[in-house]
Amino acid sequence: MSETSAAAGTGRLDEFGARSTLTTGHGTTVAYYRLAKLVDDGLLDDIDRLPFTVRILLENVLRNAGGEFAAREHVEALAKWQPTPDAEGEQFELPFLPARVVLQDFTGVPCVVDLAAMRAAMARLGGDVTRINPLVPADLVIDHSVQVDRFGTLTAFPRNVAFEYERNSERYALLRWAQQTFQNFRVVPPGTGIVHQVNLEYLASVVASRGTGSDTVAFPDTLVGTDSHTTMINALGVLGWGVGGIEAEAVLLGQPLYLLPPEVVGVRFTGSLREGATATDLVLTVTEMLRAHGVVGRFVEFCGTGLSSLSLADRATIANMAPEYGATAALFPVDDETLTYLRLTGRDDDLVDLVERYSKAQSLFRTDETPDPKFNELLDLDLTTVEPSVAGPRRPQDRVALGDVRKVFRATYEATFANEPAGEEEADLVRLESEGGNPVDAGVPYGNGYDQETAESFPASDPPAAMAGATRQGHPTGSPAARQAATATLPADPRKGTVAVRLEDNVEADLHHGAVAIAAITSCTNTSNPSVMLGAGLLAKKAVERGLDVAPYVKTSMAPGSQVVTRYLEKAGVLPYLRALGFHVVGYGCTTCIGNSGPLPEPVAEAVEAND
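Counting the sequence shown from 1 gives a position; my numbering is that position plus 44.
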């Protein structure tokens with residue numbers, strides 16, 4: 045039996061005699077590989093001392109030991125994991141075989157093309173092309189191709205979907221062929237949602253099972269994905285993170301990812317969020333804390349009684365931003381909230397029962413009485429101290445308490461624009477800064493001058509260490525030369541830069557320096573959280589009731605991560621108010637965050653080009 049078959053749960057590998065059976069509440073019997081067997085054999089002192097992240101990886105090598113990739117030595121070495129590793133000890137690599145792969149259309153299409161090329165090569169050699177298939181289940185969610193061409197109307201969504209199909213007809217034909225041709229390969233069509241929310245609501249099982257009858261094996265759901273924010277699934281107790289296309293293809297073809305023994309940083313939550321604080325405020329606090337501490341290349345794991353006060357959606361917001369605080373993954377262990385979410389999202393009762401029984405049998409289930417594991421390092425955060433915040437002026441770790449925004453903004457402005465115009469009123473000062481994208485020195489490898497490929501290579505949002513001393517765009521530590529260059533391009537009085545534009549239906553509006561041209565409610569981080577989305581809806585309701593409106597030149601859009609979002613906004617009665625301000629649904633996918641905001645209205649674009 046091949047290693048791939050064993051990893052899929054259909055093999056009979058049992059190097060340690062750990063294979064046992066588990067009976068569910070519905071009388072179904074499944075096999076599983078007992079971590080407690082390692083304790084019985086004296087290879088592991090105490091399961092509870094291991095971080096949940098390590099327990100999941102240990103089960104993975106235990107289940108696959110004796111196959112093509114994993115050996116006894118891997119299990120024995122990982123069972124001896126210590127929070128203070130021996131600096132002189134021999135390093136070893138672990139063969140990690142994820143249960144599945146998640147793709148999005150930008151990074152997933154090359155994988156499909158390579159599989160198609162392999163079939164073509166097999167045909168030329170006279171072989172059986174049907175043998176070429178992903179050996180690990182893969183799901184490709186089409187979410188990166190939608191663009192906001194139409195906005196502000198009820199017809200925006202169907203029109204944008206039509207444009208999307210027209211632009212991507214060849215790519216979508218390929219993906220349709222792939223779904224019909226390859227085994228172990230599914231495609232989630234356009235207009236469904238963002239890959240990470242679809243993964244959370246539908247694709248993830250928490251506990252996977254492979255095989256049939258007496259050969260059915262249960263094991264933790266794990267994955268890799270071709271998107272940095274794949275870590276959002278960690279909120280559900282599913283270990284997964286983003287990888288490159290080559291690594292994803294290797295996993296698709298049954299190859300392992302080789303990992304060094306993980307360093308795990310624990311974050312212990314106590315208390316609960318106070319009234320007025322949201323998951324956004326919490327994740328900005330966590331990001332600031334972990335960026336300062338340093339977790340790049342490490343795993344983060346959350347523990348403590350405070351977890352019980354956080355909804356699954358709040359956890360998803362925190363896990364989603366692991367790339368922003370630099371961690372490989374950010375795991376929330378399975379607990380009662382996990383089971384509640386599985387039921388809420390319509391998972392089968394049999395699956396929920398299996399998740400609970402398996403997780404408890406394997407010491408993978410957390411309660412408030414669960415002892416904290418031994419981590420490489422442990423940080424504490426009292427949730428009652430989290431306050432409403434914003435981040436800026438540029439980076440997510442630059443958290444600013446809401447009450448300090450005025451002070452920090454003025455300090456940032458003064459440091460950025462050295463030659464502040466005399467007598468500048470605060471409203472004008474705000475307009476000057478709010479435009480963003482200020483010019484910097486030509487040689488500065490950051491901001492607008494920061495190469496896109498380099499930016500993608502450092503997803504934690506900081507430049508490489510070699511560039512750490514370089515000027516940051518719009519940052520208070522900018523060099524005098526950069527500040528002078530930025531100031532030189534600004535008019536002494538921004539009101540003198542006002543330009544009249546004529547929009548649709550002969551509506552006239554005045555554009556000025558600092559005018560907001562795009563307002564988008566979007567992103568996998570925000571739209572996956574009902575409390576944040578309902579907060580936006582309530583804000584829109586208040587605005588409409590008080591007679592406020594959006595300037596006619598602003599391009600407004602709302603792109604939820606799931607169709608579920610639209611339904612609960614509608615049921616809550618806030619969708620009409622969002623629409624009244626122009627925030628109609630324009631699509632279900634990644635839009636403004638990845639530059640798919642579409643063109644500005646032509647009169648606005650022309651005014652900017654002519655007067656910038």
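Where is the CB? At the ideal position from N, CA and C, for every residue including glycine. Computed from a predicted structure; not experimentally measured.
Cβ-based burial, residue i [other Cβ within 10 Å; buried from 16]
i       : result
Glu-646 : exposed
Asn-108 : buried
Lys-599 : buried
Ala-366 : buried
Asp-358 : buried
Trp-285 : buried
Thr-411 : exposed
Trp-221 : exposed
Thr-128 : exposed
Asn-550 : exposed
Ala-360 : buried
Arg-318 : exposed
Gln-126 : exposed
Leu-592 : exposed
Ala-75  : buried
Ile-681 : Because the chain is modelled from 45 through 656, residue 681 falls outside the range shown and cannot be assessed.
Thr-456 : buried
Arg-56  : exposed
Thr-566 : buried
Thr-498 : Here Thr-498 scores only 34 on pLDDT, less than 50, and its place in the model is too uncertain to base an answer on.
Gly-237 : buried
Gly-264 : The sequence given here places Pro at residue 264; Gly does not occur at that position. By the neighbour-count rule (16 or more Cβ atoms within 10 Å), Pro-264 is buried.
Pro-202 : exposed
Leu-283 : buried
Check whether residue i and residue j have beta carbons under 8 Å apart
i       : j       : result
Ser-316 : Thr-428 : yes
Glu-208 : Pro-181 : no
Gln-191 : Asn-640 : yes
His-240 : Cys-637 : no
Ser-272 : Ala-262 : no
Thr-657 : Val-629 : This structure does not reach residue 657, given that the chain is present from 45 up to 656, and the question cannot be answered.
Gly-642 : Asp-187 : no
Val-396 : Leu-388 : no
Val-430 : Thr-324 : no
Val-268 : Val-287 : yes
Leu-218 : Val-145 : no
Glu-245 : Ser-606 : yes
Tyr-597 : Ala-561 : yes
Leu-169 : Gly-310 : no
Ala-363 : Thr-275 : yes
Thr-266 : Ala-123 : no
Asp-183 : Leu-147 : yes
Leu-198 : Gly-298 : no
Arg-443 : Glu-332 : yes
Ser-189 : Asn-204 : no
Contacting residues, own chain, Cβ-Cβ under 8 Å from residue i (five flanking each side not counted)
i       : result
Glu-137 : Tyr-302, Leu-303 and Leu-304
Arg-475 : In this predicted model, Arg-475 has a pLDDT of only 41, less than 50, meaning its place in the structure is not dependable; the value taken from the coordinates is given anyway. Same-chain partners within the cutoff: Pro-538, His-556, His-557, Gly-558 and Ala-559.
Asp-172 : Met-166
Arg-215 : Asp-149, Val-153 and Ser-189
Proximity test, Cβ basis, 8 Å: residue i and chain B
i       : result
Arg-230 : Reference to chain B is not applicable here, since this structure consists of a single protein chain.
Close beta carbons around residue i, own chain, < 7 Å, minus the five adjacent residues each side
i       : result
Tyr-612 : Pro-574
Arg-546 : Glu-552 and Pro-647
Gln-223 : Phe-229, Arg-230 and Val-231
Phe-313 : Phe-346, Gly-348, Gly-350, Leu-351, Leu-425 and Leu-427
Lys-451 : none
Cβ neighbours of residue i in the same chain (closer than 6 Å, five flanking residues each side left out)
i       : result
Val-543 : Leu-555, Ala-651 and Asn-655
Leu-334 : Tyr-369
Ala-564 : Ser-601 and Thr-636
Ala-200 : Arg-194, His-628 and Val-630
Leu-101 : none
Asp-379 : Arg-410
Leu-398 : Thr-68 and Val-251
Cβ separation of residue i and residue j, assumed to be a contact under 8 Å, to the nearest whole Å
i       : j       : result
Val-588 : Ala-624 : 5 Å
Asn-140 : Pro-377 : Before going on, a small fix: residue 140 reads as Phe here, not Asn. Contact doesn't hold; Cβ gap of about 18 Å is too wide.
Ala-603 : Gly-633 : 6 Å
Does the segment 615 to 633 come close enough to the segment 571 to 589 to have 3 or more Cβ pairs within less than 8 Å? yes
Quick check: the segment 338 to 346 against the segment 242 to 259, are there 3 or more CB pairs under 8 Å? no
Between the segment 434 to 442 and the segment 104 to 118, do at least 3 Cβ pairs fall closer than 8 Å? no
Is it the case that the segment 372 to 389 contacts the segment 211 to 230, given that we only count it when at least three CB pairs across the two stretches are under 8 Å? no
Indicate whether the contact test is met: 3 or more Cβ pairs, each with one atom in the segment 64 to 84 and one in the segment 400 to 407, closer than 8 Å. yes
Pairing CB atoms from the segment 84 to 100 with CB atoms from the segment 410 to 417, are three or more of them under 8 Å? yes
Cβ contact (3+ pairs, closer than 8 Å) linking the segment 279 to 298 and the segment 65 to 79: no
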